[in-house]
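Working notes for the structure below.
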Amino acid sequence: MKTIFITGTSSGLGSAAVRLFHSKGWKVIATMRNTEKGNIFSDLEGVEVLALDITNPEQIKTTVASALALGDVDVVLNNAAYGAIGPLESMTDEQLVKQIDTNLLGAIRVTQAFVPHFRVRESGLFINITSIAGLVTFPFASIYNAVKYGMQGWSEGMSYELSRFGIGIKTVAPGFIRTEFGSNTEITSTEPYQKYVDKNMSVVASMMDPATSGSTAEEVAEVVYEAATDGKDQVHYMAGTDSKDMYARRLEVGPEVCRKEMSVIFLG
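At position 217 of the sequence shown (counting the first as 1) the number is 370 in my numbering, and the numbers step up by one without a gap.
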């Protein structure tokens, strides 16, 4: 039986991944900041729930040690995320740091903690949830773009050093997902930008409308499972029709035309 360690499992994609991998016969170690929410997996026999705040470097070390004390881990899914949307001028320093800590440094530190285990075994796989926002830019998401672009580049860069020891690393880049992450995203603004932020968010809302577009967490989890099991020497995976279409368009017309088109779509 293979084992997967997943961050950010209290809702959304993380929760869907726990259920999918468990249904496929995997042992699942589900981590979340508040383990009281772990009762959402009470119907799943054998799921281990551990506390983990990926912005806490010391807790990362202790939680990874606790996970490895349960046995070998085969796959690590770095899924925990945090989003704040708005003009840079209105962002607090706390919001800036939290996005970098959660969406980039957290995944890097979790990976760093597991590398020695995988290196000794000469096997193992990291899967990092990135975003179409790591491949295409969006208005008022500059910091989120920065960390997701960073995750894409860091993951590919890591593939060189990890592959020498039989370790894989992959990214899954979803488009808009119909999950609590979207509703929990912090939106900031100041008066000079408000009408543009409102226009932007109305378009984003339409792209997350379950009746018309976006992907479900379960659909994205299926791509994660594919990446975990296909055995391919492939780093990047797209998840969702919208993600695939937006990235294909950027490749087709180039970054400058794509940027202008995105401005019209989201800002009018």
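Even glycine gets a Cβ: it sits at the ideal position worked out from N, Cα and C.
Practice prompt. Could you check if R317 is buried or exposed, using at least 16 other CB atoms within 10 Å of its CB as the buried criterion?
Written response: Exposed, since its Cβ has fewer than 16 Cβ neighbours within 10 Å.
Of the residues L241, P210, I238 and F267, which one's Cα is nearest the Cα of A222?
-> Here the closest residue by C-alpha is F267.
- [ ] Ignoring anything shorter than 4 residues or poking outside the segment 249-322, list the alpha helix (DSSP H) runs there in chain order.
- [x] Those alpha helix (DSSP H) runs which fall completely within the segment 249-322 and span 4+ residues are 259-274 and 295-316.
Query - Same chain, Cβ closer than 8 Å to K352, five either side skipped, listed in chain order - result: F419, L420 and G421, listed in sequence order.
*Secondary structure of S368, DSSP reduced to three states*: Residue state, collapsed to three classes: strand.
For the candidate residues Q387, S359, S368 and M354, whose alpha-carbon lies nearest to that of G239? Ranked by Cα distance from G239, the options Q387, S359, S368 and M354 are led by M354.
> Can we count M311 as close to the ligand NAP, meaning its CB is less than 6 Å from some heavy atom?
Replying inline: The ligand NAP is absent from the structure shown, which contains no ligands of any kind.
Three-way DSSP call (helix, strand, coil) for K190 in this model: Helix at K190.
query: Around the Cβ of A370, are there at least 16 other Cβ atoms within 10 angstroms (buried) or fewer (exposed)?
result: By the Cβ-count criterion, A370 is buried, with 16 or more other Cβ atoms from all chains shown falling within 10 Å of its own Cβ.
- [ ] Using only alpha-carbon positions, find the residue among A286, A401 and M311 that is nearest to A299.
- [x] Ranking the options by Cα distance to A299, first place goes to A286.
Specify whether the segment 372-382 and the segment 169-189 touch according to this definition: at least 3 beta carbon pairs, one from each stretch, less than 8 Å apart. With contact defined as three or more Cβ pairs closer than 8 Å, the segment 372-382 and the segment 169-189 are in contact.
ask   = Roughly how many angstroms separate the alpha carbons of S243 and A237, rounded to a whole number?
value = Spanning the alpha carbons of S243 and A237 requires a straight line of approximately 11 Å.
> For A237, does the three-state DSSP call read helix, strand or coil?
Replying inline: Note: A237 maps to strand in three-state DSSP.
Query - Simplified DSSP state of M154, which is helix, strand or coil - result: In this structure, M154 counts as coil in the three-state DSSP scheme.
CA-CA distance, M154 and K385? Straight-line Cα distance between these residues: approximately 20 Å.
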